[in-house]
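Note that the UniProt record's numbering has the sequence shown beginning at 1, numbered continuously upward. Note that CB positions come from ideal geometry on N, CA and C, so glycine has one too. Notes to accompany the following structure.
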Amino acid sequence: MNQTAENRLGCSRTPEPDIRLRKGHQLDGTRRGDNDSHQGNLEPVLEASVLSSHHKKFRATSVATLRKPQRYLIFFFQVWEGRWRVIPHDVLPDWLKDNDFLLHGHRPPMPSFRACFKSIFRIHTETGNIWTHLLGCVFFLCLGIFYMFRPNISFVAPLQEKVVFGLFFLGAILCLSFSWLFHTVYCHSEGVSRLFSKLDYSGIALLIMGSFVPWLYYSFYCNPQPCFIYLIVICVLGIAAIIVSQWDMFATPQYRGVRAVPPSLQFHSHQLFHIFVVAGAFVHFHGVSNLQEFRFMIGGGCSEEDAL
C-alpha cells in the first residue's frame, strides 16, 4: 500500500501512544520494531496526559467527522476515562510503593496537578481515601460555620466557648484537608509526595490537639490550673509529633505499620481508618456539645465542690 492510500485510510490505523520511560528504565524486545538486542525490564511508568503528535492528529481527524451529539459523547468519555490507566504495584517507582498488599489499581506517576485532581473521579486505590475525608472536610466546614453563628444566648461565655470550639473545628478541617489533598497529589512526584505526607501527619496532630481543647475547658471548668497544665502537656506532645513527622526518614515504607486488614480497592484498612477518623470526630463533637449544654443548663456557676 502506497503512502497516499495510507493517508486515505489513516483512521483505520491504530495510533501508538507515546509512552515515556523515566531515567534508568529500559525497553525490552517486546515492543514493535525493536530487535532482540534490547534487553531489560519494561516498566510502564506512564506519564499522565502524554500522547504522540500522530495520535493527536488522528483523534482530531476522527472526531471532526462525527456528528455533534457524537462529539459530546466522545468528549465526555475522554474526560471521564482520562489518558491513563491504572497499573499494578510491581511496576510502580520505589517512592510510590507504600503498601505491598495493594497489588492492583494504582495510578501511574502524574506530574500534573490538573491530572491528579481529575483522577479523584476515577476508581483506583486512593479513591476511597480521597472522598471519605473530602466529604468529611466539607461537613465539618459547614458544621463549624453553623456553630460559630449560633446566637450568644446559647452560651454562658460566648467568646470563650466559641474560641474553644473553633480550635476543634480548625483542627478537624485542617486534618481532613491535608489528608484528602495528600491522597490526591501524592502520585505527582516524589517531592510533592513527601511535602503533602508531612502535612498529612501534621494534620493528625492538629486534630488531636484541637479535640482536647473543648473537652478540657468544660471538664475543668471550675479548675483552670489543672486544665492549663493538661493543655500545655498535650500541646508539647502534639508539637513534638509534628516535628518528628517532618523527618524524611519516617516517610519511608520501612516505618509503615503492618496492615490489620488485607487491602483491596474498596474498604482496605486505610480507608476504614479514614471512615473512623471522621466518625470519631463527629462523636467527639457530640460529646463536647453535651458538656456545653450541661454547663449552660446549670448557669455556668461553680460550687465549692466543683472547685476541689
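Secondary structure of residue i, DSSP reduced to three states
i: His-124; result: coil
i: His-284; result: helix
i: His-274; result: helix
i: Ile-298; result: coil
i: His-89; result: helix
i: His-133; result: helix
i: Cys-250; result: The sequence given here has Phe at residue 250, not Cys. Note: Phe-250 maps to helix in three-state DSSP.
i: Asp-98; result: coil
i: Met-148; result: helix
Own chain, CB closer than 7 angstroms to residue i, minus 5 neighbours either side, in chain order
i: Cys-137; result: Ile-173, Leu-176, Ser-177, Trp-180
i: Val-277; result: none
i: Thr-125; result: Leu-102, Gly-105, His-106, Leu-265
i: Tyr-218; result: Val-288, Leu-291, Gln-292, Arg-295
i: His-284; result: Ser-211
i: Trp-95; result: Glu-190, Ser-193
i: Ala-279; result: none
Residue span of the alpha helix (DSSP H) that contains residue i, given as start and end
i: His-183; result: 158–185
i: Phe-196; result: 190–219
i: Phe-117; result: 113–118
i: Gly-105; result: Here Gly-105 belongs to no alpha helix (DSSP H), and DSSP marks it neither H nor E.
i: Pro-224; result: 224–245
Distance between residue j and residue i (C-alpha atoms, nearest Å)
i: Ala-281; j: Ile-229; result: 24 angstroms
i: Arg-122; j: Leu-167; result: 34 angstroms
i: Met-209; j: Phe-149; result: 23 angstroms
i: residue 310; j: Thr-132; result: The displayed coordinates of the chain run from 1 to 308. Any statement about residue 310 would go beyond what the structure contains.
i: Val-233; j: Pro-226; result: 11 angstroms
i: Trp-200; j: Phe-169; result: Note on identity: in this sequence residue 200 is Asp, with Trp being the wrong assignment. Straight-line Cα distance between these residues: approximately 16 angstroms.
i: Thr-127; j: Met-249; result: 27 angstroms
i: Pro-109; j: Leu-237; result: 35 angstroms
i: Gly-171; j: Ala-157; result: 22 angstroms
i: Pro-88; j: Asp-100; result: 11 angstroms
i: Ser-202; j: Ile-243; result: 8 angstroms
i: Leu-216; j: His-274; result: 25 angstroms
i: Leu-151; j: Asp-98; result: As written in the sequence, residue 151 is Pro, which differs from the Leu given in the question. Straight-line Cα distance between these residues: approximately 48 angstroms.
i: Phe-220; j: Leu-159; result: 18 angstroms
Residues near residue i in its chain [Cβ-Cβ closer than 8 angstroms; skip 5 each side]
i: Phe-155; result: Glu-161, Lys-162, Gln-292, Phe-296
i: Phe-196; result: Phe-178, Leu-181, Phe-182, Val-185, Tyr-186
Segment contact flag, the segment 143–160 with the segment 181–193, C-beta cutoff 8 angstroms, min 3 pairs = no
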